[in-house]
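Data block below; observations after.
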Amino acid sequence: MKRLLLLAIALVAGMVPASAQTLTKVKAGMVTGIDQIGLPIALERGFFEKYGLDVTIARPYATGVDALNALQAGESEIVQVGVPMIGAVLRGMDLVALGNYSGNATKAGSDATMAIIAREGSGIVKGDLSRLKGKKIAASFGTINHLYILATLEKAGLKPDDVTLVNTPPPDMTVALLAKGIDAFSGWDPWPIVAGKDVPGAVEIIRGGDVISYIGFNVALRPWVQANGETIEKFLAAVSEADQWMRKNPKLAAQVATRWIPGLKQEVAETAMQFNIQQADRRLSANNYRALWSAEDRLARLGILKSTFDVNAHIEPKHILKVMKDRPELFADLPPIPEAAAITPGYVFKP
């Protein structure tokens, strides 16, 4: 009888919704990019609560560098960053990538949310990247838009010294273009689209083009990762469900973006979201390891990095792989990962 009573209590407890249970608190951080919006969607749509989490999102940061500074200061426990992770690790920050917030598990190249915008009268012509030579171009040093302009220059047969790069936060790039303080900028959405609307005569010189393999990871410090495996899996499940909702409801997702990115207009958000959903894939594969490695390799070849690190030491795929296995329906609308790129726990990338 006692055993039956205990079983009944257990069954009732299992039926109690997450909102009535004790929720695990998590502090998360994001950047002012359209590709970061899966995080606030998970909050607004109740996906975090569904999985038993009480998530607080820190104010959107201008760049991933700022987000990592906040992580190190304890303002956040998990953040969404890409290229800035590289410099941080080389400076001694023990970071671990846990899943993508933006990227592509199915192919090598992916940069649909990136573009270079030039002002009218700059002498830069759409379709002719060689005209970038001698120009003053804004980028946020140490971020994905910095990597994108460097790769684009390589594509054009140019070197970094052939242009003047100006370190500029993305939200300030449109103003700099309007003031003619720069000739062009390399940016992630929504900022290229904002400039196209707000700067008379602005021209999109290039968008995407698989010039780089996008890197955008959910990142945390190793001690927190080692102590919070179950919480990480719940977090990744929640944001994966948010990503799927975003892919299926881009206009509604754009509305969410307007509430989290200061000054973002609905029209701009909707345009940007169409590019964003092309690479909203939380899964990890060998392609994502190669993306991080290739970013390091390019930055080292160009003399920007003096050293590199083993990407295997700073990516932990087991948590997202468990979510992929336990909840395949969250990824059912995505293309399958090619067999050659599929990974298992303990995977070791070899260049």
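The C-terminal position of the sequence shown is numbered 1430 in this note's numbering, with every residue numbered one higher than the one before it.
Cβ coordinates follow ideal geometry from the N, Cα and C atoms, glycine included.
Local Cβ density within 10 Å of residue i, reported as buried at 16 or more and exposed below that
i: K1313; result: buried
i: S1386; result: exposed
i: E1199; result: exposed
i: E1395; result: buried
i: A1411; result: exposed
i: V1304; result: buried
i: Q1345; result: exposed
i: D1190; result: buried
i: V1242; result: buried
i: A1392; result: exposed
i: A1255; result: buried
i: T1253; result: buried
i: N1246; result: exposed
i: L1331; result: exposed
i: E1408; result: exposed
i: V1204; result: exposed
i: G1117; result: buried
i: E1309; result: exposed
i: Q1100; result: exposed
i: P1341; result: exposed
i: T1231; result: buried
i: G1382; result: exposed
i: A1370; result: buried
i: E1156; result: buried
i: P1433; result: This structure leaves residue 1433 out entirely; the chain is present only between 1080 and 1430.
i: S1265; result: buried
i: V1144; result: buried
i: S1181; result: buried
i: V1091; result: With a pLDDT of only 38 at V1091, under 50, the local geometry of the prediction cannot be trusted, and the value read off the model is given with reservation. It counts as exposed.
i: A1306; result: exposed
i: R1338; result: exposed
i: R1361; result: buried
i: D1139; result: Just to set this straight, residue 1139 is Pro in the shown sequence, not Asp. Classification for P1139: buried.
Extent of the continuous alpha helix (DSSP H) run through residue i
i: V1204; result: Note, V1204: premise wrong, no alpha helix (DSSP H); not H, not E.
i: D1360; result: Run containing D1360: none; DSSP gives neither H nor E here.
i: V1304; result: R1301 to A1306
i: I1399; result: K1397 to D1405
Beta-carbon proximity check, residue i vs residue j, cutoff 7 Å
i: P1414; j: T1192; result: no
i: A1146; j: G1112; result: no
i: D1114; j: N1355; result: yes
i: Y1227; j: I1284; result: no
i: A1152; j: P1269; result: no
i: I1196; j: A1274; result: yes
i: V1420; j: A1374; result: Note that residue 1420 is Ala in the sequence shown, not Val. Not a contact, by the Cβ cut-off of 7 Å.
i: E1154; j: A1137; result: yes
i: N1179; j: G1295; result: yes
i: D1262; j: K1214; result: yes
i: K1397; j: P1424; result: yes
i: A1333; j: I1120; result: no
i: L1102; j: L1132; result: yes
i: A1348; j: R1406; result: no
i: M1403; j: A1359; result: no
i: P1250; j: S1219; result: no
i: V1298; j: V1160; result: yes
i: L1122; j: V1105; result: no
i: V1278; j: L1244; result: no
i: G1166; j: G1125; result: no
i: V1162; j: L1150; result: no
i: V1390; j: Y1368; result: yes
i: L1208; j: A1235; result: yes
i: I1399; j: L1363; result: yes
i: R1286; j: A1194; result: yes
i: V1175; j: F1388; result: no
Those residues which DSSP pairs with residue i across a bridge
i: D1133; result: K1104
i: L1226; result: None; L1226 has no bridge partner.
i: V1290; result: In the DSSP output, where bridge partners are listed per residue, V1290 has none listed.
i: V1298; result: V1158 and A1176
i: I1394; result: A1176
Residue i: first and last residue of the uninterrupted beta strand (DSSP E) it sits in
i: A1218; result: K1215 to A1218
i: V1110; result: From DSSP, V1110 is part of no beta strand (DSSP E); its letter is neither H nor E.
heavy atom of the ligand NAP below 6 Å from residue i C-beta
i: K1106; result: Among the ligands in the structure shown, none appear at all, so the ligand NAP cannot be discussed.
**Report entry** Those runs of the alpha helix (DSSP H) which lie wholly inside the region 1228-1284 and span at least 4 residues
**Finding:** 1249-1257 and 1270-1277
Query - Start-end ranges of the alpha helix (DSSP H) lying completely within the region 1117-1201, minimum 4 residues - result: 1117-1123, 1126-1129, 1143-1152 and 1163-1169
Query raised in the report: What runs of the alpha helix (DSSP H), each 4 residues or longer, lie entirely inside the region 1321-1350?
Result: 1329-1339
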